[in-house]
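Novice:
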Amino acid sequence: MNTSDYVKIPKSFYEKEDVVKIARELLGKYIFTQIDGKLTGGMIVETEAYNGRMDRACHAYHKRTNRTEIMYQPGGVAYVYLCYGIHHLFNIVTNKSDFADAVLVRAIEPSLGIETMHERYGNHQHKVSNGPGKLSKALGITTRLNGSDLAGDKIFIAQHKSQKRPKIAASTRIGVDYAGEDALLPWRFYIENNKWVSKQRTPVI
DNA sequence: TCTAAGATGGGT
DNA sequence: CCCATCTTAGAA
Numbered sequence: 023m024n025t026s027d028y029v030k031i032p033k034s035f036y037e038k039e040d041v042v043k044i045a046r047e048l049l050g051k052y053i054f055t056q057i058d059g060k061l062t063g064g065m066i067v068e069t070e071a072y073n074g075r076m077d078r079a080c081h082a083y084h085k086r087t088n089r090t091e092i093m094y095q096p097g098g099v100a101y102v103y104l105c106y107g108i109h110h111l112f113n114i115v116t117n118k119s120d121f122a123d124a125v126l127v128r129a130i131e132p133s134l135g136i137e138t139m140h141e142r143y144g145n146h147q148h149k150v151s152n153g154p155g156k157l158s159k160a161l162g163i164t165t166r167l168n169g170s171d172l173a174g175d176k177i178f179i180a181q182h183k184s185q186k187r188p189k190i191a192a193s194t195r196i197g198v199d200y201a202g203e204d205a206l207l208p209w210r211f212y213i214e215n216n217k218w219v220s221k222q223r224t225p226v227i
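In my numbering, the protein residues as written are 23 to 227.
The following block contains the structure:
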């Protein structure tokens, strides 16, 4: 890749207050990691928004604990947590200080370091990044990156010079049935017809 | 110190 | 549809 074709997203992008809008805007942008000397990355094709003040599905909903503390930081850092004891899920913290919002990145379309991603993922029968746990494994993201600056060297999000506006579809979020009515919010976004969007579970709406 | 649960993934 | 998974947050 020619790195001059990409520009890192500035902090101001993440510090806006509407996390749902940011979740949409992140589609079509790129995430890169440089871990263990290997550069890997791809285009974000699926996201979900989480709002700490009015969304029961958000880990930070009405609680500020060690785990959720990072979400209360100003936007532009990573929130990585372990799910089911195995999967490292990667989130982008948004909004200003003390407003705990985040965007879960659920799928990317690989574009750089594809061989490395396959090696890390291991299973050659499956796609390596069409799910939140899978893309983290392929990109080498673990909880060690919790709190990392998203304009840094280890991990960064960037925009391609000639990015075109993707066609966006919306649905309810995956796996948040415990959130009651908030599970019905149409806060999952994905690029229409993209092959790397995670396979749909429990079709709601 | 304990326990319960979880923003999944893969196989049938 | 079903279920293995196993660390850790959060409470006591």
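Positions of the beta carbon are idealized from the N, C-alpha and C atoms, including for glycine.
Measure the beta-carbon distance from Thr-62 to Leu-48 and round it to whole angstroms, keeping in mind my assumption that it falls under 8 Å.
Specialist: With 8 Å as the limit, Thr-62 and Leu-48 do not qualify as a contact, their Cβ atoms being about 18 Å apart.
Novice: Are Phe-112 and Leu-157 closer than 9 Å when you measure CB to CB?
Specialist: Going by C-beta atoms, Phe-112 is nearer than 9 Å to Leu-157.
Novice: Taking 8 Å as the cut-off, does the CB of Val-115 come closer than this to any heavy atom belonging to the ligand ZN?
Specialist: With respect to small molecules bound, the structure shown includes none, and the ligand ZN cannot be examined in it.
Novice: Per DSSP, which one or two residues make a beta bridge with Thr-69?
Specialist: The partner list for Thr-69 (beta bridge, DSSP) reads Val-127 and Phe-211.
Novice: Tell me the DSSP bridge mates of Leu-111?
Specialist: Tyr-103, per the DSSP bridge assignment.
Novice: Looking at the secondary structure, which residues open and close the alpha helix (DSSP H) in which Val-29 lies?
Specialist: No alpha helix (DSSP H) holds Val-29; the beta strand (DSSP E) holding it covers 28-30.
Novice: Straight-line CA distance for His-19 to Ala-100?
Specialist: In this structure the chain extends from 23 to 227, so residue 19 is not present and cannot be described.
Novice: With three or more C-beta pairs closer than 8 Å as the rule, is the segment 49-59 touching the segment 166-185?
Specialist: Yes, the segment 166-185 is in contact with the segment 49-59.
Novice: Between the alpha carbons of Trp-218 and Glu-131, how many angstroms are there, rounded?
Specialist: In a straight line, the C-alpha of Trp-218 is about 6 Å away from that of Glu-131.
Novice: Can you tell me whether His-84 is helix, strand or coil according to DSSP?
Specialist: Three-state result, His-84: coil.
Novice: Keeping to the same chain, check which residues put their C-beta closer than 8 Å to that of Lys-60; ignore five residues upstream and five downstream.
Specialist: Hits under 8 Å: Gly-135, Thr-138 and Gly-162.
Novice: Whole angstroms is fine: what's the gap from Pro-32's alpha carbon to Ala-173's?
Specialist: Whole-angstrom Cα-Cα distance: 7 Å.
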